[in-house]
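Okay, so here's the structure we're looking at.
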Amino acid sequence: MIAVDPENIRNFVEKEFGTPVLNNLNKIHIGGTNNSKGRDYENFFQLYKAFELAAQDIDHSKHLLSCQELAFIDDICHWDLENSIKHNYQAKNSKGKAADWTSDITTRCKRQTKIDQSLYSISESRNYLLVSCEKKKDNNLKKVPVRLKKMNTCIFFPYCKTLIELVEKTKLKSFVASLIETDDMSHVDYSTKLILGVLQGSNAQDIKSIFEEACSSAAPNPFVKFRKRTAFRQEIPDWIKQIVTTASNNTTYKLQSNRVYLTTASGFEVSALLDEILKLSDDAIQKIINTKDLAMLFISLAQVELNIDTSLNSSPLRGA
1 MIAVDPENIR NFVEKEFGTP VLNNLNKIHI GGTNNSKGRD YENFFQLYKA
51 FELAAQDIDH SKHLLSCQEL AFIDDICHWD LENSIKHNYQ AKNSKGKAAD
101 WTSDITTRCK RQTKIDQSLY SISESRNYLL VSCEKKKDNN LKKVPVRLKK
151 MNTCIFFPYC KTLIELVEKT KLKSFVASLI ETDDMSHVDY STKLILGVLQ
201 GSNAQDIKSI FEEACSSAAP NPFVKFRKRT AFRQEIPDWI KQIVTTASNN
251 TTYKLQSNRV YLTTASGFEV SALLDEILKL SDDAIQKIIN TKDLAMLFIS
301 LAQVELNIDT SLNSSPLRGA
């Protein structure tokens, strides 16, 4: 993000639009930071955007998410510094008049565009009224002035009370699965809570930093795409290969995304992190003598994964 001191923003607004407009900007900012109900809606949208962007083949260090900026369209912002585009979202979790596209929204969009282009030197400023009612979205699209429609619009995003509901109602699960290479709900839930915690601790951060921060504190680290690779190529330990290949039950093994998978002829599959397997002592390894023992070991290691970082479950936005 192009760092601009809040006072420079205020000075620009006062010079460009006048003192009354500056006073209005300050009121907008105060109102946004005090809106706790709206923040729940915004938090989940920001979480969704973080995973949506992380799943894309882009330079993640040049895509930043911020919230509650000193701005006319201020709730969530996506800075696309790769393409010099700034996406500004004004969130309205309402089915009533509060979510209407009004002349005030039109004016705020125009002023935000002026700030983005003149103060931040952004090529394209795109503004969105984000609403939780599809019917409201459809009605609002008819109200957007024709001259503004190219860069200003209204979009729908569902209001969800829990993370589970968010996963069920949106494409979030597919984004998460592409980063952790599994769609198992326990892993999806764990991963979303990690990123939600990072987002709630910062007002502005690039996608690369968001996920690297989550990776640094996660045990285990689920984000394959952002996991720092070791200098050498890790392989499945020979003792596992020996147990599987000498068995007569057609069990197979594979290494994928730092996880070792065991699959039986019937299709039953278990997996464990290679990092955890490599930590096993010689005494523990000597107790594993057949594929059944190996499967039970993998199950126990997977259970340890799920029990780690239980503090995430205390989040007020936890899924139930």
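1 is the number of the first residue of the sequence shown in UniProt numbering; add one for each residue after it. For each residue, glycine too, the CB sits at the ideal point set by N, CA and C. Please read these numbers as outputs of a predicted model, since none were measured by experiment.
- The Cβ atoms of Ile195 and Ala214 lie closer than 7 Å to each other.
- Residue pairing by DSSP puts Lys92 in a beta bridge opposite Val131.
- Take the alpha-carbon of Ser300 and the one of Glu276: they are about 11 Å apart.
- Contact between Leu297 and Ile288 holds, with the beta-carbon distance rounding to 6 Å and staying under 8 Å.
- If you ignore the 5 residues before and after Lys169, its C-beta comes within less than 7 Å of the C-beta of Pro158 and Cys160, all in its own chain and listed in chain order.
- Each residue's CA atom was taken as its position, placing Arg111 and Gly31 some 18 Å apart.
- Taking the Cβ atoms as the reference, Leu64 lies roughly 10 Å from Ala50, outside the contact range of under 8 Å.
- Between the segment 18 to 29 and the segment 138 to 150, the count of Cβ pairs shorter than 8 Å is below three; the stretches do not touch.
- Beta-bridge annotation (DSSP): Ile155 is paired with Leu130.
- By the C-beta density criterion, Ile207 is buried, having at least 16 other C-beta atoms within 10 angstroms.
- Shown here for Leu47: same chain residues with a beta carbon closer than 7 Å to its own, the five before and five after excluded, namely Thr192, Ile195, Leu196 and Leu199 in chain order.
- In terms of Cα proximity to Glu134, the closest of Arg39, Phe156 and Ser125 is Phe156.
- In this structure, Leu274 sits near Val260, with a CB-CB distance shorter than 7 Å.
- In the three-state DSSP reduction, Ala272 falls in the strand class (E or B).
- The residue among Lys225, Cys67 and Leu129 with its C-alpha nearest the C-alpha of Arg39 is Cys67.
- Cys77 is not a Cβ neighbour of Asn93, given a cutoff of 7 Å.
- In this chain, the alpha helix (DSSP H) harbouring Ile240 covers Asp238 to Thr246.
- The beta carbon of Thr106 is closer than 7 Å to those of Pro145 and Leu148 in its chain, skipping five residues each way along the sequence.
- Secondary structure note for Leu255: it is in no alpha helix (DSSP H), and the uninterrupted beta strand (DSSP E) holding it is Thr252 to Gln256.
- Taking the CA atoms as reference points, Asp59 sits about 7 Å from Glu82.
- If you check the CB distance, Ile9 and Leu70 come in under 7 Å.
- By the CB criterion at 7 Å, Ala54 and Phe211 fall inside the cutoff.
- If you compare the alpha carbons of Ser118, Ala98, Ser178 and Asp116 with that of Leu130, the shortest gap goes to Ala98.
- For the options Thr153, Asn127 and Ser125, the alpha carbon positioned closest to that of Lys136 is the one of Thr153.
- For Ile76, the uninterrupted beta strand (DSSP E) run begins and ends at Ile76 to Asp80, by DSSP.
- Taking C-beta atoms as the reference points, Ile236 and Leu255 count as a pair closer than 7 Å.
- Assignment of Ile58 by DSSP, reduced to helix, strand and coil, places it in the coil class.
- Taking the Cα positions, Lys150 is about 11 Å away from Glu124.
- Beta-bridge annotation (DSSP): Cys160 is not paired with any residue.
- In the DSSP assignment, Gln200 falls within the unbroken alpha helix (DSSP H) covering Met185 to Gln200.
- Taking a contact as a CB-CB distance under 8 Å, the pair Ser271 and Ala302 counts as one, their CB atoms being some 7 Å apart.
- Per DSSP, the beta bridge partners of Ile85 are Asp80 and Glu124.
- When Tyr128, Ala219 and Asp100 are compared, the shortest CA-CA separation from Cys109 is found for Tyr128.
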